[in-house]
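*Asks:*
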């Protein structure tokens, strides 16, 4: 038993428990040292296992690279796919390709007439098509249309953010309205669409988000400062979303960022380089669908850009500028006459 005297002179008595009197032990948690050591060992083991997983999945991906898509791809027949910017170009071609895979298509475009034409083409493939006129830069329109889709069609499990815009002007020649428009279409709209469909995909415990970015989303280019920045944002969004889903244990929700070279859709008319030809929409659409089937996170088209992208990360800036000169990238936009080059919003 022990005592102490308070400031008022009163004696306060504390009684030790019998076992404390016998052993002289206190209630301080010195005994926690051993479990803490075990906990540290457990963390070390988890870290080692994670690094081993890095090596394993790296080797696995190299092996799967040589396996045909039809043998390693997942089955997406019967899935409901939404494609934005589906009224023309690569959006239309992706819709047709997904239709061939047995999917049901939800078609979003600001141009109702062109979008209806895509719907007819999809139906001619034997698939169901549901066209909607939507301005994806309007978040409220996105959310309200999503509710209509959920009610009238069902749960969307594959979302393709494809709509895009480019002006092809130097940073000083761009109007402020044009810069804002580029980010609204190429970046912010992706957030609205993802936020609209993600709850349903989480509930379904499976899904896939695709963004059609650009090679310009991995490297800068003259007269494309606004476009490059918006496409960088789209690539970053996909990577961050994938890691966020992983951190929440949602292993069946995937993302794909597609970064193609210039596509022959009228959007980049006049743009060219010395080494690379403009890509055809049908080819790019096929690559996108294959990426979804195989859960690829990052797709560069053509494939040689994977090597150039790796080089870029290792180069000093003067080497990078010299590479632009050598490939024609420095002058790639000098003859640009894309369909939005004269527009001001």
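Numbering (full-length UniProt numbering), first residue to last: 1 to 345.
The beta carbon of each residue, even a glycine, is placed where N, CA and C say it ideally should be.
If we count the other Cβ atoms within 10 Å of its Cβ and call it buried at 16 or more, is residue 49 buried or exposed?
*Replies:* Classification for residue 49: exposed.
*Asks:* Who does residue 161 pair with in a DSSP beta bridge?
*Replies:* Residue 161 pairs with 211.
*Asks:* Going residue by residue through the region 126-181, where are the continuous beta strand (DSSP E) segments of at least 3 residues, counting only ones entirely within it?
*Replies:* Within the region 126-181, the complete beta strand (DSSP E) runs of at least 3 residues are 129-133, 158-161.
*Asks:* Can you check whether the CB of residue 255 is closer than 8 Å to the CB of residue 197?
*Replies:* No. Outside cutoff.
*Asks:* Just to confirm, are residue 160 and residue 122 a CB contact at a threshold of 8 Å?
*Replies:* Against a cut-off of 8 Å, the Cβ pair of residue 122 and residue 160 comes out as no contact.
*Asks:* With a CB to CB cut of under 8 Å and the five nearest residues on each side skipped, what residues in its chain are close to residue 34?
*Replies:* A caution first: residue 34 carries a pLDDT of 49, below 50, which makes its placement in the model unreliable, though a value can still be read off. So no residue of the chain qualifies.
*Asks:* Helix, strand or coil: how does DSSP classify residue 80 here?
*Replies:* DSSP places residue 80 in strand when its eight states are reduced to three.
*Asks:* Roughly how many whole angstroms lie between the Cα atoms of residue 346 and residue 199?
*Replies:* Given a span of 1 to 345 for the chain in the structure shown, any question on residue 346 remains unanswerable.
*Asks:* To the nearest whole angstrom, what separates the beta carbons of residue 169 and residue 223, a pair I think is in contact under 8 Å?
*Replies:* Contact holds; Cβ gap of about 6 Å.
*Asks:* Quick check on the burial criterion: 16 or more other C-beta atoms within 10 angstroms. Buried or exposed for residue 251?
*Replies:* Classification for residue 251: exposed.
*Asks:* Which residue marks the beginning of the alpha helix (DSSP H) containing residue 228, and which one marks its end?
*Replies:* Taken as a continuous stretch (DSSP letters only), the alpha helix (DSSP H) holding residue 228 covers 225-247.
*Asks:* The beta strand (DSSP E) spanning residue 105 covers which residue range?
*Replies:* That run of the beta strand (DSSP E) goes 104-109.
*Asks:* Per DSSP, what kind of secondary structure is residue 256 in: helix, strand or coil?
*Replies:* Correct three-state label for residue 256: strand.
*Asks:* If we call anything under 8 Å between Cβ atoms a contact, is residue 327 one with residue 279?
*Replies:* Cβ distance not < 8 Å, so residue 327 and residue 279 don't count as in contact.
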